[in-house]
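Working notes, structure below.
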Amino acid sequence: MLLTLPHILDADEVAEVRQRLATARWADGRPGAGPQAKRVKNNEQLPHDDPAAAAVREYVLRGLDRQPLFFSAALPKRVFPPRLNRYSGSTNAYGNHVDGSVRFMPGSGQRLRSDLSCTVFLSDPADYDGGELVIEDTFGPRAVKLAAGHAVLYPGTSVHQVTPVTRGERLACFFWIESMVRSDAQRQLLFQMDMALTRLRETHGDGPETVALTGTYHNLLRMWADT
Ligand code: NI
Numbered sequence: 599m600l601l602t603l604p605h606i607l608d609a610d611e612v613a614e615v616r617q618r619l620a621t622a623r624w625a626d627g628r629p630g631a632g633p634q635a636k637r638v639k640n641n642e643q644l645p646h647d648d649p650a651a652a653a654v655r656e657y658v659l660r661g662l663d664r665q666p667l668f669f670s671a672a673l674p675k676r677v678f679p680p681r682l683n684r685y686s687g688s689t690n691a692y693g694n695h696v697d698g699s700v701r702f703m704p705g706s707g708q709r710l711r712s713d714l715s716c717t718v719f720l721s722d723p724a725d726y727d728g729g730e731l732v733i734e735d736t737f738g739p740r741a742v743k744l745a746a747g748h749a750v751l752y753p754g755t756s757v758h759q760v761t762p763v764t765r766g767e768r769l770a771c772f773f774w775i776e777s778m779v780r781s782d783a784q785r786q787l788l789f790q791m792d793m794a795l796t797r798l799r800e801t802h803g804d805g806p807e808t809v810a811l812t813g814t815y816h817n818l819l820r821m822w823a824d825t
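Read in order, the letters of the sequence shown are residues 599 to 825 in this note's numbering.
Right, here's the structure in full:
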């Protein structure tokens, strides 16, 4: 499932984030990538301990907390500390790859299984050409290029790429989520049920049927969640 998470950052936050990133010390994005990804990766990243990266991480994590769709769709158990990347000039693309399945979290040394990937777009799409995030879906490739401050959530299992940026620069924040519900199919069922319940509550209030179905949702989550 591909899902847009709108307004992770508002316009003021995007402006502040971009200002922080304008003077940041970008580095070669290849160290840390696996052998397959390294061959096709050609971008820049901010070192994890860069102060600008730390500041932007806080904005993004706060934004995720404000967005109920994120919790409902990802059912997060652990979130990888968000990273920042830049595509521009001669370091402008990332060919087809699959993200590593198990990642070590900087700082804690804990492992995280990358069930879901998330990209928060930070540049205005009018300011750069190319730079689409192309995700292989069961329906074929899907190209994603969102307004600054919006994010896309997609399965960590999917082959994806960032097409060459041929004008301007593309700034983005990306991270992985280990979900309490490992199965994509089970997670998707729970998300669909939660969305339908929200609409039921809006249109009909909390009648006995809605309460019963809410109970069923939680009982399924209880059955499938690994907390
Ligand atoms: Ni990737």
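For glycine and all other residues, C-beta sits at the position ideal for the given N, C-alpha and C.
Can we count residue i as close to the ligand NI, meaning its CB is less than 7 Å from some heavy atom?
{"i": "H802", "result": "no"}
{"i": "D697", "result": "yes"}
{"i": "P758", "result": "A quick correction: the sequence has His, not Pro, at residue 758. Yes, the ligand NI has a heavy atom inside 7 Å of this Cβ."}
Would DSSP call residue i helix, strand or coil?
{"i": "A650", "result": "helix"}
{"i": "H758", "result": "strand"}
{"i": "H816", "result": "helix"}
{"i": "D610", "result": "helix"}
{"i": "P645", "result": "coil"}
{"i": "L603", "result": "strand"}
{"i": "R799", "result": "helix"}
{"i": "V677", "result": "strand"}
{"i": "V615", "result": "helix"}
Checking the sheet assignment: what are the DSSP bridge partners for residue i?
{"i": "R709", "result": "F702"}
{"i": "Y685", "result": "R768"}
{"i": "N640", "result": "A691"}
{"i": "D626", "result": "E642"}
For chain D, find out if any of its Cβ atoms is closer than 8 Å to the Cβ of residue i; answer yes or no.
{"i": "H816", "result": "Among the chains of the structure shown, chain D does not appear; only one protein chain is present."}
Query raised in the report: Taking only runs of the beta strand (DSSP E) that begin and end inside the region 715-793, which ones reach a length of at least 3 residues, in chain order?
Result: Within the region 715-793, the complete beta strand (DSSP E) runs of at least 3 residues are 731-735, 738-742, 749-753, 758-760, 763-765, 768-777.
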